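I have placed the structure first, in the form of structure tokens, so that the comments after it can refer back to it.
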Amino acid sequence: MSNYTHTKKKSRGSQILDSRSVVVEAPQRETQGNLVASFFLDGSPKLARGEKKASSREKNQNDFSLERTALLVHSNRSGIGLQKQAIINALKGADEWKEAEKIENCHTRFMFLVCDDCGAPAVFSNSCNSRICPDCSPEMKKKLIAKYGNSLAHLSKYHIERLKFLTLTGPNVQKLDDKGKVFSELRKAFTKFRHRQPLDKKLKGGLYAIETTVDEVKGWNVHLHALVSMNYHQVACDSMKKCKDRKEEIKFENDHCSVCKNKCLRRLWQECSGSTVLDIKKVYDPKGAVIEIIGYLLKAVPLASPEQLVEWWRAWRNKPYIKLFGEFMKLDFEKPKLLCPWCDGSRFTAHSQGFYT
């Protein structure tokens, strides 16, 4: 059977775009059934020698599970297949069959498209858009960067000069509940933090995402990373910075912070969340800061087992990736479009589709 092969390098004509083997079902006359064809980038289909696939579409769907298994076995060479299969097994063990099937079918089918403007061909794989799919996470990262990173160019000079990268940490928890109350409590604490005086007049707006890490002893640790437009406010007073350890900090908090009128960021965050862990730094590259936030958001949970990833997915289910507030809600965040890399055209015609082998 002939194979469709292409390399990852962009080029015109009959140059090859990505190295994969695919089977294309090209419908012929009704009396001939479906002939297996191999499409090259010059647009000329080549039929396999004497190959004739007379099976119906329903039978092909039944045979697809075997082809999908072969694809997973083939992808084990890079390690992605093993990780993906472990996540699928963990989802099935947690009775999340629908999500498991969605990830299992991800990147197993393709569509052969041709640009209507310049005729450039391309192959696109199907995706499940799951947060824990190792194939879809890199693609989702690109989409979010295109949506949020490019839109920051419309920020006024006033906000660009006041951009800060703010990291807030909440208390550790041993388990993430399915309803995501841990994330909801952190968001509520951040909202309360933003509306405390004098931050309500200093913090103009921003966007934020939540990152989660896990430790076998300490449990789940939840961080909030935010890109904010904010005037200067001290993180901690000089006396607090002189404390050598946590015991001295607690003593200083009880003696001075409780009656201090000029509360620092650290004290304000402690009163809102119960945690004193906070970091803030000046931002010189807005798009780079957004890329960093999205990287925290979509990276796999470090040191997490497949079962812990399922627990994390359940807590994050149906929740937004990034939240906006304040002046940033006025920005126009356009949804990224599929564009031709040669002519920037946005109109495509689907010529065939099939499955990888």
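Last residue of the sequence shown: 363 in our numbering, with the numbers rising by one and none dropped. C-beta: ideal position from N, C-alpha, C; glycine also. Because the structure is a prediction, the values reported are computed rather than measured.
Measure the Cβ-Cβ separation of Thr-2 and Val-188 and say whether it is below 9 Å. Since the first residue shown for the chain is 7 and the last is 363, residue 2 is missing from the structure and cannot be characterised.
Contacting residues, own chain, Cβ-Cβ under 7 Å from Cys-346 (five flanking each side not counted): Cys-121, Asp-123, Cys-124 and Ala-126
Would you kindly check if the distance between the Cβ of Leu-205 and the Cβ of Leu-274 is under 9 Å? yes
Closest by CA to Arg-272, which one among Asp-261, Leu-284 and Ser-279? Leu-284
Given this structure, state the Cα-to-Cα distance separating Arg-115 from Asn-132, to the nearest angstrom. 6 Å
Decide yes or no for the touch test of the region 241-257 against the region 191-201: beta carbon pairs closer than 8 Å, at least 3 of them. no
Give me, in chain order, the residues of the same chain whose beta-carbon lies closer than 8 Å to that of Gln-67; leave out the 5 immediate sequence neighbours on both sides. For Gln-67, the predicted model reports a pLDDT of 47, less than 50, meaning its position is unreliable; a value from the coordinates is still stated below. If we look at Gln-67 and ignore the five residues flanking it on each side, it has no Cβ neighbours.
Neighbourhood of Ala-242 by C-beta, 6 Å cutoff - its chain only, sequence neighbours within 5 removed: Cys-270 and Arg-272
When burial is assigned at 16 or more other CB atoms within 10 Å of the CB, is Glu-167 buried or exposed? exposed
Neighbour-count burial assignment, Lys-207, 16 or more Cβ in a 10 Å radius: exposed
Where does Leu-174 sit, in a helix, a strand or coil, going by DSSP? strand
Segments assigned alpha helix (DSSP H), at least 4 residues, entirely inside the region 99-157: 103-110 and 142-150
Please report the distance separating the alpha-carbon of Leu-304 from that of Ser-162. 28 Å
Expressed to the nearest angstrom, what Euclidean distance is found between the alpha-carbon atoms of Glu-277 and Tyr-164? 30 Å
Limits of the alpha helix (DSSP H) - the one that Thr-197 falls within: 187-200
Reference Gln-91; option with closest CA among Glu-110, Glu-102 and Asp-101: Glu-110
Looking at the unbroken alpha helix (DSSP H) that takes in Ser-245, where does it start and where does it end? 244-247
Using CA coordinates, which residue listed in Asn-324, Gly-87 and Leu-174 is at the minimum distance from Leu-233? Leu-174
Straight-line gap, Cys-266 to Asn-324 (C-alpha atoms, nearest Å): 41 Å
If you draw a straight line from the C-alpha of Asn-260 to the C-alpha of Tyr-154, how long is it? 42 Å
Neighbourhood of Leu-182 by C-beta, 7 Å cutoff - its chain only, sequence neighbours within 5 removed: Val-188, Trp-226, Glu-317, Trp-318 and Ala-321
Burial state of Glu-105 (16 or more Cβ within 10 Å): buried
Quick one: residues in its chain with C-beta nearer than 8 Å to the C-beta of Ser-136, no 5 flanking neighbours on either side, listed in chain order? Glu-105, Lys-108, Ile-109, Cys-112, Cys-142 and Trp-319
From Leu-172 to Glu-298, what does the alpha carbon distance come to, in whole angstroms? 12 Å
Lys-287: buried (16+ other C-beta within 10 angstroms of its C-beta) or exposed? exposed
Along the beta strand (DSSP E) that carries Glu-298, what are the first and last residues, could you check? Here Glu-298 belongs to no beta strand (DSSP E); instead the alpha helix (DSSP H) covers 292-304.
Opposite Ile-216 in the DSSP bridges: which residues? Leu-230
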